[in-house]
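Going by my numbering, the first residue of the sequence shown is number 2, and it counts up by one from there.
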Amino acid sequence: MRLAEATHLYAIAIGSNRRHGRHGRPASVVEAAVFRLESEFGLFDVAPTILNPAVGGAGREFANSVALVECTLAPPQMLQRLKAIEREFGRRPGRRWGERVLDLDIAAWSGGQWRSRGLTVPHRAASSRIFVVGPLAAIAPGWRLHGALTARHLADRLARPRPRR
């Protein structure tokens, strides 16, 4: 008898700040991406879409969400599938902080930490980005991204107003 492959839960950060010819505005692109993820993987849950200012020089505001999906892929293979989905939506290589029709990142996975050339899970910047931590806290508040802090704790910390210097 052969043992079944382990199923992993992935937190996939979804973002868009560029209109798509078929799906329309960025919020609709995020919604279409969720349906696409559901068609390829087992969709466990999805956070509401939020609108927020762009980071870096990306220009227009972003629509963001986080989806929890289940699959048996290891992080490198999952990243390959996500990049293929981005290409299906018309994403092309370009400026690092440029506009993008769709951005899919592995924010975290149930296997803990993963590090290989070109891939670090949890995503290095996930715990410092309210547009990732906030949606993740809405659907998986106890998920730990880095160290002992949960998504809920990180979201509360990032949402606090900071004193002006």
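Where is the CB? At the ideal position from N, CA and C, for every residue including glycine.
Cα-Cα separation, residue i to residue j
i	j	result
Phe90	Leu103	7 Å
His124	Ala48	18 Å
Trp106	Pro54	As written in the sequence, residue 106 is Asp, which differs from the Trp given in the question. Going from the Cα of Asp106 to the Cα of Pro54 covers about 18 Å.
Glu62	Gly22	18 Å
Gly82	Glu100	The amino acid occupying residue 82 in the given sequence is Arg; Gly does not appear at that position. Near 21 Å, if we compare the C-alpha coordinates of Glu100 and Arg82.
Val31	Thr50	7 Å
Leu74	Val133	22 Å
Leu146	Ala126	10 Å
Coil, strand or helix - residue i by DSSP
i	result
Ser66	strand
Ala34	helix
Phe213	Only positions 2 to 166 of the chain appear in the structure, and residue 213 is not among them; the question remains open.
Arg82	helix
Glu89	helix
Leu137	helix
Check whether residue i and residue j have beta carbons under 8 Å apart
i	j	result
Ala156	Ala138	yes
Own chain partners of residue i with C-beta closer than 6 Å, once the 5 adjacent residues on each side are dropped
i	result
Arg153	Ala138 and Pro142
Pro27	Ser17, Asn18 and Ala64
Trp115	Pro76 and Val122
Arg34	The identity of residue 34 in the sequence shown is Ala, whereas the question assumes Arg. For Ala34, where only same-chain residues beyond five positions count, the Cβ hits under 6 Å are Ile15 and Leu103.
Spatial neighbours of residue i in its chain, beta-carbon cut-off 8 Å, leaving aside the 5 residues before and after
i	result
Ser129	Leu159
Ile131	Asn53, Ala156, Leu159 and Ala160
Presumed contact (8 Å Cβ cut-off) between residue i and residue j, rounded CB distance
i	j	result
His9	Gly119	No, His9 and Gly119 are not in contact; Cβ-Cβ is about 19 Å, not under 8 Å.
Contacts around residue i, its chain only, beta-carbon distance under 7 Å, and the 5 residues preceding and following it disregarded
i	result
Gly135	Ile51 and Ala156
Phe45	Leu10, Leu69, Val70 and Glu71
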